[in-house]
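Going by this note's numbering, the first residue of the sequence shown is number 1, and it counts up by one from there.
Virtual Cβ for every residue (Gly too), placed ideally from N, Cα, C.
Structure first, then comments.
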Amino acid sequence: MNDPLVDKRGRRVRDLRISITDRCNFRCVYCMPKTVFGRDYPFLPRNELLSFEEIARLARIFAAQGVQKIRLTGGEPLLRRDIEQLIELLAAIPGIEITLTTNGSLLPQRARSLKAAGLQRVTVSLDALDDAIFARMNDVGFPVARVLEGIAAAEAAGLAPVKINMVVKRGMNDGEIVPMAEHFRGTGQILRFIEYMDVGSSNGWRMEEVVPSAEIVARIGAVHPIDAVVPAYAGEVAERWRYRDGGGEIGVISSVTHAFCGGCTRVRLSTEGKLYTCLFAQHGSDLRQLLRDGRTDDEIAAAVAGIWLARDDRYSEIRGEQTAAQKKIEMSYIGG
Ligand code: SAM
Ligand code: SF4
Ligand code: SF4
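Printed below as a string of structure tokens:
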């Protein structure tokens, strides 16, 4: 392995997130609102997507430059056909942990084959336990029970510990904070509350709709006392809290109220092979062109190094009304 890449602010590259499809069977109001992602939305044609071989080649180049963890995401990654084949290719890269973020809808039938292919863990997104509230969040009327089945299937397949992501949007599902905490307490599954973010340009984000993590912690702590846990490593994105009575832990991801850009080690590869060094970037660098132009691994590695070394991202530190209104890349395209 070469020396890990380190950017201008001393942040080394560690996590690679790969969006493998821009499509989804949900229409979450905070991510792919139906008004924008309707029937006529121009999703990418198949030949625009990176092939599995192209993704694996880039993953090997990143691994040689310091990446230790790959997360497959999207869109809904389980909609990409034969994803198990991609996981097998990635699992062959030494020293890389492979994880996936999913809405859980297809996990009941896929958890075992994903594990067999070499997937290590999954994060499942679930925003409510109440069916009516969940249906309003995902906007396709998908039942909670089916996602819970997916979580159980993942655990049974050995994709544990399963993490659960809940995006909290005030006035929509904040009443579910305590019920969700109580549901997952004592299960070994780790619930993480995510502040609603101004990703993309289509969710109509407003600051008033963000429920600050401090409020989430206070609401849970008032019912079940919790203590802060010391971070496992510098740059850990989720702040961890542990139930005093031994009921396990929760996490809060304060992307809006407590910027963690100073420790941001993530790089993102979009569905069509553009590289983004920030979730809120307006522009990416086209790696697919380099792959399809027949460049060597060394040439691509040099291009990647140049991009990371020049990185100066700090969106969450400077977020304001003006930045929220900027045209940004959609979450479903760049991956969460
Ligand atoms: N479809 C998969 C899923 O929902 O888990 C993977 C892709 S999704 C874009 C990845 C993560 O981003 C999910 O946990 C989702 O809840 C989160 N997410 C999407 N839009 C968000 C927003 N506006 N603010 C905060 N989190 C968001
Ligand atoms: Fe689909 Fe995930 Fe976005 Fe929801 S958050 S619309 S499940 S990509
Ligand atoms: Fe990293 Fe950009 Fe998020 Fe800051 S805003 S933590 S630089 S992805």
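Report the residue from GLY262, ALA218, GLY335 whose alpha carbon sits nearest the alpha carbon of ASP312. GLY262
Whole-Å CB distance - SER19 paired with GLY74, under 8 Å assumed: 5 Å
Closer than 7 Å to a non-hydrogen atom of ligand 2 - does that hold for the CB of PHE260? no
Using only CA atoms, which one of LYS115, LEU279, LEU159 lies nearest to ARG266? LEU279
Can you give me the start and stop residues for the beta strand (DSSP E) that MET166 sits inside? 163-168
Residues that DSSP places opposite ILE220 in a beta bridge: In DSSP, ILE220 forms no bridge with anything.
ALA117 to ILE98, Cα distance in whole Å? 10 Å
Per DSSP, which one or two residues make a beta bridge with VAL267? LEU16
DSSP puts ARG136 in a beta bridge; with which residues? DSSP lists no partner for ARG136.
Chain C contact for TYR30 (CB, 8 Å cutoff): Here chain C cannot be found, since the structure has a single protein chain.
Could you pull out every residue in the same chain whose Cβ sits closer than 7 Å to the Cβ of ASP297, ignoring the five residues on either side in sequence? ILE61
Residues that DSSP places opposite ARG193 in a beta bridge: A small correction: the amino acid at residue 193 is Phe; Arg does not occupy that position in the sequence shown. Looking at the DSSP assignment, PHE193 forms a beta bridge with MET166, VAL252.
With a threshold of 7 Å, establish whether the CB of THR73 neighbours any heavy atom of ligand 1. yes
Considering only heavy atoms of ligand 1, does any lie closer than 7 Å to the CB of VAL199? yes
Within its chain, find whatever has a CB closer than 8 Å to the CB of ARG288; leave out the 5 residues flanking it on each side and keep chain order. LEU50, GLU54, GLU272, GLY273, LYS274
For GLU239, which of ALA303, ASP245, PRO212, VAL223 has the nearest alpha-carbon? PRO212
Is CYS24 near ligand 1, with its Cβ less than 7 Å from a heavy atom? yes
Nearest neighbour of GLU155, chosen from LYS115, ARG192, GLY171, PRO143 [CA to CA]: LYS115
Closer than 7 Å to a non-hydrogen atom of ligand 1 - does that hold for the CB of ASN165? yes
At which residues does the alpha helix (DSSP H) containing THR323 begin and terminate? 321-324
Are GLY200 and LYS328 close, meaning C-beta to C-beta below 8 Å? yes
When you compare each of GLY10, ARG9, ARG23 to ILE334 by their alpha carbons, which one comes out closest? ARG23
Would you say ARG288 touches ligand 2, meaning its beta carbon is less than 7 Å from a heavy atom? no
With a threshold of 7 Å (Cβ to nearest heavy atom), would PHE62 be considered close to ligand 3? no
Based on the DSSP output, what are the partners of GLU6 in its beta bridges? A small fix is needed here, since residue 6 is Val in this sequence, not Glu. VAL6 pairs with ARG12.
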